[in-house]
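Numbering (my numbering), first residue to last: 116 to 266.
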């Protein structure tokens, strides 16, 4: 039943050596993956444990502030047809605050023109009064945002 010749034993020994080599390779790969996993866990922990950005920590460039003022100025009834009362200059504060909030939600430390545009679309319609009560202020704000030059 059992083969007791040298050839069979040599084959068996070669198979064992191949399996031992494969075990060593797999063991090395496990150590690599464990090290990678530990590094990823440290990054995730650092991200989760980091304090959230405060609104004051979000930078808004002077050009973006000028862009906000240009958007508000474009709501002036003398400049845009269909508007009875434009947005007051004080509307810049909530637009800048909303821009910071959008940047913070995106995980950035700075606001972008897209953040300002989103804030303008959200906040300007409620700060202007239309000549026609049936008119949609959002369409005017959309047109203003499309026309005013982005820095």
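Just so it is clear, CB atoms sit at the ideal spot from N, CA and C, and this is done for glycine as well.
- In this structure, the CA atom of residue 219 is about 7 Å from the CA atom of residue 173.
- No Cβ-Cβ contact shorter than 8 Å links residue 204 with residue 198.
- Taking one beta carbon from each stretch, the stretch 133 to 152 and the stretch 178 to 188 have fewer than 3 pairs nearer than 8 Å; the two do not touch.
- Under the criterion of beta carbons closer than 8 Å, residue 256 and residue 240 qualify as touching, at roughly 5 Å.
- With contacts defined by Cβ atoms closer than 8 Å, residue 234 and residue 217 form a contacting pair.
- Between residue 153 and residue 144, the alpha-carbon positions lie close to 14 Å from each other.
- Beta-bridge partners assigned by DSSP to residue 182: none are found.
- Closest in alpha carbon position to residue 247, among 179, 200 and 158, is 200.
- DSSP, reduced to helix, strand and coil, places residue 200 within a strand of the structure shown.
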